[in-house]
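These notes are about the structure you will find just below.
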Amino acid sequence: MGKIGVVGSINMDMTVKAERIPLKGETVKGGELLYIPGGKGANQAVAMAKLGAKVEMFGCVGNDEAGASLVKNLREMGVETKCIRTVEGTPTGLAMITVGDNDNTIVVVAGTNDCVDIDYVNEVKKSLLECEIVLLQHEIPQETVEYVIELCAENDVEVVLNPGPARPVKQEILEKVTYLTPNEHEAVILFGEDISFEEMMRKYPEKLVITQGSRGVSTCLRSGEVILVPARKANVVDTTGAGDTLNGAFTVAVMEGMDIAKALAFANTAAGLSTEKFGAQGGMPSRAEVKKAMEG
């Protein structure tokens, strides 16, 4: 089984539970305050390691307590961390999350995630190109994402781009990606409002996968048929990290050679299970749990 690489963000999530998310200018009483390992990149790496994949994380942390504990956590979760760089003088990335009413709001402070630059990628290039497939998100600089995609395309390494948080991506970069996994909002940023989701997917069969939250996930098969793989019914406790679990599980499934419909069913099941426990990484399911839920 090949290795999966993740080039992306490593954050400390400062999570507060409230009875509901405050309105503009409003103060609400918070409950528990938790410091939880996060960052889209690190979350996706952990999701895949928990599913039994061989995963290496590429990214940067600060020379601070948060950075040290995040790298230790990744290692304990089974993720290879030898290429993570510790940067002096810049704090580790931080996300401030408010959870309430089965939903969340997030403010992200990039910190050392902005240090995941082209020079860093060149330093870790050998290890990166040993990967069979590389997963990327948008919490590191845009030029780094583009550089990694081009590097992988030149070296026959497959790429999954999870284009969140939403920002535009050049057409020629989108062409070089193997799989593209936006949610509906991100899909509009990438392709514009003048084209329907169905048309977008027909343009990129078995490449463009649009996630639609509680409805499920859609793609267009090579036959031209647009399919919706419904979401698994879940007793939702916390949606943080569900999208990261879905992306991680999908990447593992396609690397293992599952066809796209099966890969999406596997990913949806994993994402559904992840919402039933609190915390992004803590709620991520094992391979056995996903298998059991799919058989059930």
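Note that the sequence shown covers residues 268 to 563 in our numbering.
The beta carbon of each residue, even a glycine, is placed where N, CA and C say it ideally should be.
In this structure, DSSP gives GLU299 an extended state, which the three-state scheme calls strand. At the C-beta level, SER481 and LYS317 stay beyond 8 Å of one another.
Distance from the CA atom of ALA362 to the CA atom of GLY508, rounded to whole angstroms, is 13 Å.
ASN514 counts as buried, since no fewer than 16 other beta carbons sit within 10 angstroms of its beta carbon.
Secondary structure at MET281: strand, using DSSP grouped into helix, strand and coil. Distances from the CA of GLN548 to each of ASP423, GLY272, ASP331, THR282 were compared; the closest alpha carbon is that of THR282. Relative to THR512, the option among VAL504, ALA537, TYR387 whose CA is nearest is ALA537. For ILE456, the enclosing alpha helix (DSSP H) has its first and last residue at 451-458. LEU495 sits exposed, since fewer than 16 C-beta atoms from the chains shown fall within 10 Å of its C-beta. Between GLU323 and the set ILE385, LEU531, GLY345, THR294, the nearest pair of CA atoms involves GLY345.
The DSSP-derived three-state label of ASP511 is helix.
In the three-state scheme derived from DSSP, where H, G and I count as helix and E and B as strand, TYR471 is classed as coil.
Between the stretch 448-458 and the stretch 424-431 there are three or more inter-stretch CB-CB distances shorter than 8 Å, so the stretches are counted as touching. For VAL313, the uninterrupted alpha helix (DSSP H) run begins and ends at 307-317, by DSSP. Here MET363 carries a strand assignment [DSSP, helix/strand/coil]. Residues of the same chain with a CB within less than 7 Å of the CB of ASN310, apart from the 5 flanking positions on each side, are GLY508, ASP511, ALA547, GLN548 in chain order. In this structure, GLU406 sits away from GLY563, with a CB-CB distance that is not shorter than 8 Å. For MET324, the three-state secondary structure derived from DSSP is strand.
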